[in-house]
Amino acid sequence: MTTMADTKADISGDSPLTQNSGSVTPQPNNPLSRKLNKILETRLDNDKEMLEALKALSVFFTENSLRTRRNLRGDIERRSLSINEEFVRIFKDVKEELESVNEDVQAMSTCCEEMTNRLKAAKEQTQDLIVKTNKLQGENHRLEVRAQVAQAFLGKFQLSSEEMATLRTARDGPVTEDFFKALNRVKQIHEDVKVLLRTNQQTAGLEIMEQMAVLQEASYEQLYRWAQNECRGLTQESCDITPVLGQAMEALQDRPVLYKYTLDEFATARRSAVVRGFIDALTRGGAGGTPRPIEMHSHDPMRYVGDMLAWLHQATASEKEHLEALLKQVTIQGVEDNMQEVVGHITEGVCRPLKMRIEQVIVAEPGAVLLYKLSNLLKFYHHTISGIVGSSVAALLMTMEEMHVLSKKMFFNCLSLHASKLMDKVELPPPDLGPTASLTQTLALLREVLASHDSSVVPLDARQADFAQVLSCILDPLLQLCTVSASNLGTADMATYMVNCLYMMKTTLALFEFTDKRLEMLEFQIEAHLDTLINEQASYVLTRAGLSYIYSTLQQHTPEQGALANLPSMDNSSVKGAMVQFDRYLSSPDTLVMPQLNFLLSAAIKEQIFRQSTELVCRAYGEVHSAVTDPANGYKEPESVLLRSPQQVQALLS
Amino acid sequence: MTTAPYNYSYIFKYIIIGDMGVGKSCLLHQFTEKKFMADCPHTIGVEFGTRIMEVSGQKVKLQIWDTAGQERFRAVTRSYYRGAAGALMVYDITRRSTYNHLSSWLTDARNLTNPNTVIILIGNKADLEAQRDVTYEEAKQFAEENGLLFLEASAKTGENVEDAFLEAAKKIYQNIQDGSLDLNAAESGVQHKPSAPQGGRLGNDAPSQKEGCSC
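Residue numbers (the numbering used here), protein chains in the order written: chain W, 317 to 970; chain R, 916 to 1130.
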């Protein structure tokens, strides 16, 4: 241990030399020797510490002298001291620096701590806030959703302010497309809101419903006023229905009362327009007098009435068109009926002026033919206009029907009057047994009536209907007239006269349709009179040819009277004499013609009478021939009495 | 005062005349329906059709009165000439007789319409070239001599049908433009819309459309 300490002291350079010198002992193994040994054994090269120490020493121990040696220790100590002092000084700096660092760190720490505290405090404080914020955010989100829902709800169940404004401001302003959009929205909402009633939003639903209902009513009211106003303005002859007005009607159809009132307003406006137009056309005509006012033609009843009715036809068609334009978009049932009703109402106004004028024409007694034409014209226009107005009980149609009936009545009156005038003063047949003047006139009238009937504009089936009446109205009195006027005539004259009259009637009728039945009747009557004439002619010939007495005696002869030849004036010579006379007839049969036959108007009839009467003559001759040749009748040499056989006679006469 | 648009600016009234069977009703049908009516029945009296067409940039409503050609309706149809702005006088190019009767139709038309009435001569059935009986040239000459417009058309193929109505309408419109047709007169066959109120009968209670009819 001591060694160690010593060594240490040596190394530290305290005073190893002094120590060595101080304790030298001659003993072996004495410490000195050991020390010495040790020193000697010391290998300086390997002792780094020693080398270092020496190196350090060499720096300042530059002068190896005693004094210096003596002072070495002090020097070293001094040097050590100064080094230490230096060290201390430097270290002091370090310490100070460290202290300052420490201070800074301390400050930082404090600061941090403070911050931490504050943070902690803040955190504590914000905790609440965050919670609140979160809550608020949640709330916010919820509200946003609700806002969206509410927005959507409003969007669906409420009007936008523009729409509202459109509905509201339309009171005086024009109704536009937007108005209908808004109105449709109201309607839609009113419809949609029913969904709400099925949920538990019933209160809202009801409220909205009520609100919409109120709004709807107000809007409809407004629309109605507007449309009514528009319609009221449509009093021009030309009338263009604006599309908006059409839309208004479409919208109004949901409110039948308002719809009807609007239509009424329209009808009233149009009615006065049509009346004015009609009166203008009647009295003023077009610009500068072309076309001329219809009344300018009042002297020509057909043209006058025809022009009026044609004007009305055109006006009616135009009005129907206007109405169709107005109600184009209306979809309710019975629009068509509605239209007809309205057209009926529109044309109602012209009824009075029309009726007055037509009545005037009719009452002025324009004659049977004109009356008949008028009645047909009226019927035609009744038919034509009812195609537009429909078969409803439109006043115009009723007026026309009334006028038609009146004219027809007047027509038949006229015919009856004519007939009774005929009967009042029955003309005697003229000497030529031709038709009397009154017959010719009446037939001319009939022809005219029938001709106008033929060219009538009334459809075929309708024409046939009153035909029988016309015919019987004219023909029956005529026939009667003829019979009466012929009553004082002889048979042949009467038959000739009647045939002539009937023939005239027949030829008149034959020209027209629908007269077949009448013609047949006339034919029968003619034939009846023809028979008379044929017989008359035959007996005329027989008398003139001398066969008459013989023939009649022969016919009345009975076997009880005995042989024919024994009867007075039936003997051979008498018969022979008669035969000579008959032979003269045979040589020129045309000379024996009853004078009346020459009065016959129809050559064909005359020919027929001639032919058939000749047949009768032949037959009579045949009978005479067979009687004479009959031995029972006691004629001697019948061949000399009768020169010709019946065949020969027939051949000669035919 | 409304700003709503009108459907059309004018109404022109037309009448179609000519012999029976020349195809008057078919022309009308082709014009209004754009279809050919193969077995068209005889017209009874007068029939009626309308169409809106564009004439020189104006929308014009044509109101067309198609008359029966049969002689027995002559008295009735004469009443329809009144106030027609245009008359279509039709004949059949395959039947000379229908052409020969034109002068009688023309006399009627001249006597019964305004001096301003535009008359257009139409040779119908132009598709039946093989059976042609009236040459284009002579009809053209007839039209020129009488101051008529002239076209050959076919109601069957539709050829020139549109033009026939259009040409007449253009001429009428031209007459309006140069002032020879007085619109304010009633029964000129033309109605202008919106029309100015006539006379004072409307009073102040009726809000009339005062849009400018400056003519």
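Beta carbons are placed, not taken as given, at the ideal position from N, Cα and C, and that holds for glycine.
Cβ of residue i within 8 Å of any chain W Cβ
i	result
Arg966 of chain R	no
Phe946 of chain R	no
Tyr921 of chain R	yes
Gln1089 of chain R	no
Tyr995 of chain R	yes
Ala1002 of chain R	no
Ile930 of chain R	no
Asp934 of chain R	no
Ala1083 of chain R	no
Gly998 of chain R	yes
Ala1079 of chain R	no
Val975 of chain R	no
Val991 of chain R	yes
Gln1092 of chain R	no
Buried versus exposed call for residue i [16 or more other C-beta atoms within 10 Å across all chains shown]
i	result
Met424 of chain W	exposed
Phe473 of chain W	buried
Lys724 of chain W	buried
Ser1123 of chain R	Caution applies to Ser1123 of chain R, whose pLDDT of 34 falls short of 50 and renders its modelled position unreliable; the value that the coordinates give is listed next. Label assigned to Ser1123 of chain R: buried.
Ile1034 of chain R	buried
Cys427 of chain W	exposed
Arg462 of chain W	exposed
Arg997 of chain R	buried
Gln945 of chain R	buried
Val800 of chain W	exposed
Ala1058 of chain R	buried
Lys922 of chain W	buried
Ile519 of chain W	Just to set this straight, residue 519 of chain W is Thr in the shown sequence, not Ile. It is exposed - the Cβ of Thr519 of chain W has fewer than 16 other Cβ atoms within 10 Å.
Ala372 of chain W	exposed
Ile557 of chain W	buried
Ile399 of chain W	exposed
Contact with chain R by residue i, beta-carbon distance below 8 Å
i	result
Asp556 of chain W	yes
Asp623 of chain W	yes
Thr700 of chain W	yes
Ser723 of chain W	no
Glu553 of chain W	yes
Pro617 of chain W	no
Pro607 of chain W	yes
Pro669 of chain W	no
Pro985 of chain W	With chain W covering 317 to 970 only, the question about residue 985 of chain W has no answer from this structure.
Residue i to residue j span [Cα, whole Å]
i	j	result
Met528 of chain W	Tyr536 of chain W	12 Å
Ala781 of chain W	Asn692 of chain W	12 Å
Leu352 of chain W	Phe403 of chain W	36 Å
Leu470 of chain W	Ile505 of chain W	10 Å
Asp444 of chain W	Asn450 of chain W	10 Å
Gln441 of chain W	Glu455 of chain W	21 Å
Glu429 of chain W	Lys436 of chain W	10 Å
Arg927 of chain W	Met821 of chain W	24 Å
Glu764 of chain W	Val685 of chain W	7 Å
Val742 of chain W	Ser803 of chain W	11 Å
Glu478 of chain W	Tyr923 of chain R	31 Å
Asn949 of chain W	Ala943 of chain W	7 Å
Glu1052 of chain R	Thr492 of chain W	55 Å
Met716 of chain W	Leu694 of chain W	6 Å
Cys667 of chain W	Glu839 of chain W	48 Å
Asn816 of chain W	Cys789 of chain W	20 Å
Supposed contact pair residue j and residue i - C-beta distance, whole angstroms, cut 8 Å
i	j	result
Asp1048 of chain R	Ile1008 of chain R	7 Å
Ala735 of chain W	Pro793 of chain W	3 Å
Val937 of chain R	Leu1081 of chain R	The pair is not a contact, with the Cβ atoms about 20 Å apart (cut-off 8 Å).
Arg834 of chain W	Leu825 of chain W	6 Å
Gln656 of chain W	Val705 of chain W	6 Å
Leu1003 of chain R	Ala1083 of chain R	7 Å
Asp391 of chain W	Phe376 of chain W	7 Å
Tyr697 of chain W	Leu625 of chain W	4 Å
Phe550 of chain W	Phe582 of chain W	As written in the sequence, residue 550 of chain W is Leu, which differs from the Phe given in the question. Right, their Cβ atoms sit about 7 Å apart.
- Query: What residues in the region 947-963 of chain R have a beta carbon less than 8 Å from any beta carbon of chain W?
  - Reply: So the list reads Ile959, Gly960, Val961 and Phe963, given in the order they occur along the chain.
- Could you run through the region 627-646 of chain W and flag, in chain order, every residue whose CB is less than 8 Å away from some CB of chain R? Trp627, His629, Gln630, Ala633, Ser634, Glu637 and Ala641
- For the region 1017-1047 of chain R, which residues have a CB atom closer than 8 Å to at least one CB atom of chain W, in sequence order? When CB distances to chain W are screened at a threshold of 8 Å, the residues of the region 1017-1047 of chain R falling below it are Leu1027, Thr1028, Asn1029 and Pro1030, in chain order.
- Query: For the region 682-699 of chain W, which residues have a CB atom closer than 7 Å to at least one CB atom of chain R, in sequence order?
  - Reply: Phe696
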